[in-house]
Amino acid sequence: MSAVLDALQKKFGTAILATDSRFGDDVVEIGPDKLVELATWLKTDPAMAFDCPVFVTCTDRLGFPVPPDEVSKFKFSAADDRGPNPAREASLGPKEVLHDHAAADNIRPDDVVDEDDRGPNPAREASLGPKEVLHDHAAEPRFEVLYQLRSIRRRHGLRIKIRLRSDKLEVPSLAALWPAFDWQERETWDMYGVVFKGHPDLRRIYLYEQFVGYPLRKDYPKEKRQPLVRREWTDEVTAFHGDETKGGARG
Amino acid sequence: MVTSRLEDAANWGRKFSLFTYPFVTACCGMEFMSVAAAKYDIARFGAEFPRFSPRQSDLLMIVGTITERQGPVLKRVYDQMAEPKWVIAFGVCASTGGFYQNYSSMPGADQVIPVDVYIPGCPPRPEQVLDALMLLQQRIKERKGHSQIREKHEGEQRRLAEEELT
Chain W
0 MSAVLDALQK
10 KFGTAILATD
20 SRFGDDVVEI
30 GPDKLVELAT
40 WLKTDPAMAF
50 DCPVFVTCTD
60 RLGFPVPPDE
70 VSKFKFSAAD
80 DRGPNPAREA
90 SLGPKEVLHD
100 HAAADNIRPD
110 DVVDEDDRGP
120 NPAREASLGP
130 KEVLHDHAAE
140 PRFEVLYQLR
150 SIRRRHGLRI
160 KIRLRSDKLE
170 VPSLAALWPA
180 FDWQERETWD
190 MYGVVFKGHP
200 DLRRIYLYEQ
210 FVGYPLRKDY
220 PKEKRQPLVR
230 REWTDEVTAF
240 HGDETKGGAR
250 G
Chain D
0 MVTSRLEDAA
10 NWGRKFSLFT
20 YPFVTACCGM
30 EFMSVAAAKY
40 DIARFGAEFP
50 RFSPRQSDLL
60 MIVGTITERQ
70 GPVLKRVYDQ
80 MAEPKWVIAF
90 GVCASTGGFY
100 QNYSSMPGAD
110 QVIPVDVYIP
120 GCPPRPEQVL
130 DALMLLQQRI
140 KERKGHSQIR
150 EKHEGEQRRL
160 AEEELT
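Chains as they are written, first to last, in numbering that gives the first Met the number 0: chain W, 0 to 250; chain D, 0 to 165.
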């Protein structure tokens, strides 16, 4: 564990829902209610000094395979070997809200391993190798909002991760704290529909106001277009194309 | 007879003095610079000078990917150009959308405005662009540019309407 994660753990204790520091990336998972407090501390504390906001983005985990060693994290059951975490449970809200996405995307909730009736069979498990488990959307947050931070002075980095349910896709805005996040939050709103509460100007940034939906969500049809303008098919156009089909420039 | 010869003379002049408006949106712009600069020198073929005002140009080169959001802009640029005018789609993105198949890219600039000559390639070689220019010049001479056909068509409509009146 890195010094940054240690310091966060010491300062915020149970508000830290999970940490991760594989592949040289420090990740801290918190609930949306703690974001402003934590981010303000990260920016102002001299030992943290996160002066360089890198990006804000979101991931849509619809139909995402869950790595076998993370299955327990997603299950929120007694099988979770870290034991129950009431703070985390509370931040996730009630469990039983269902989406249709699972059916639409051929996701089989049965694939999320639960207690086998026959009891554990380690030999059999080992022979099967790691099992691919698909994200179960019936009970879990589908979206992750991610903030990548860097400190030029302290030469360390941190990623803040907030898991959100699709019926409560809302986090507080950090645009006042780091103005560079202003447009980044607008982009995340534009592409995923995450509401950044308190943002001074939460409009679409790449797409046009007439656009309906959020194109980087996994359930947005891949080739669905929403044209602003199309050519009228008038007599003169027909005359031009009629000429063209008789051996024009297209060939 | 006399008018048609006048028209031919005018078209001969037009095809060797095309004023290009480069509507450059993407990487094909590099290839446009190459073809416009000294080495390939599109001026030798009668397209002397890029004009950065649509009102002063008669050849619209759509160089690069057009997004749905740019559609109204492209249409407005085209509408502002003086008649007669011609359009070249430079590269696969401008011609068909290329490999972009998603929410943002337009599947070819001809969804919005008419296109006379399509140049494939990602990006096209300068020689292809020169070839397309010569093809366009041929069409200008033969009065087969889209705005020439449109003009002819509209003239006929007017004549028919006048005949109906008398």
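Built from N, CA and C at the ideal position, the CB exists for glycine as well.
Buried versus exposed call for arginine 29 of chain D [16 or more other C-beta atoms within 10 Å across all chains shown]: The question names arginine, yet the displayed sequence has methionine at residue 29 of chain D. With fewer than 16 Cβ atoms within 10 Å of its Cβ, methionine 29 of chain D is classed as exposed.
Arginine 185 of chain W: first and last residue of the uninterrupted beta strand (DSSP E) it sits in: No beta strand (DSSP E) contains arginine 185 of chain W, which is instead part of the alpha helix (DSSP H) from 180 to 191.
CB contact below 8 Å: tyrosine 77 of chain D versus chain W: no
Beta-ladder partner(s) of isoleucine 161 of chain W, from DSSP: W:Val144
Aspartate 115 of chain D beta carbon less than 8 Å from that of glycine 144 of chain D: yes
Any C-beta of chain D under 8 Å from that of leucine 61 of chain W: no
Inter-residue Cα distance where the pair is glutamate 47 of chain D and proline 71 of chain D: 28 Å
Interface residues of chain D facing tyrosine 207 of chain W [CB-CB closer than 8 Å]: Glu67, Arg68
Contained beta strand (DSSP E) runs [length at least 3] in the stretch 46 to 96 of chain D, N- to C-terminal order: 58 to 62, 85 to 89
Where the stretch 87 to 117 of chain D meets chain W: residues whose CB sits under 8 Å from a CB there: Gln100, Asn101, Tyr102, Ser103, Met105, Pro106, Asp109, Gln110, Val111, Ile112, Pro113, Asp115, Val116, Tyr117
The stretch 176 to 195 of chain W in contact with the stretch 22 to 34 of chain W per 3-pair CB rule at 8 Å: no
Proximity below 8 Å, CB of serine 206 of chain W to CB of leucine 41 of chain W: A small correction: the amino acid at residue 206 of chain W is leucine; serine does not occupy that position in the sequence shown. No. Outside cutoff.
Three-state secondary structure assigned by DSSP to cysteine 216 of chain D: Since the first and last residues shown for chain D are 0 and 165, residue 216 of chain D lies out of range.
As assigned by DSSP and simplified to three states, the class of arginine 198 of chain W: For the record, residue 198 of chain W in the displayed sequence is histidine; it is not arginine. Correct three-state label for histidine 198 of chain W: coil.
Under 8 Å from the C-beta of glutamine 225 of chain W: neighbouring residues of chain D: Glu67, Tyr102
Buried versus exposed, by CB contacts within 10 Å (16 or more), leucine 58 of chain D: buried
Nearest to asparagine 101 of chain D (by Cα), restricted to the options D:Pro122, D:Trp85, D:Arg68: D:Arg68
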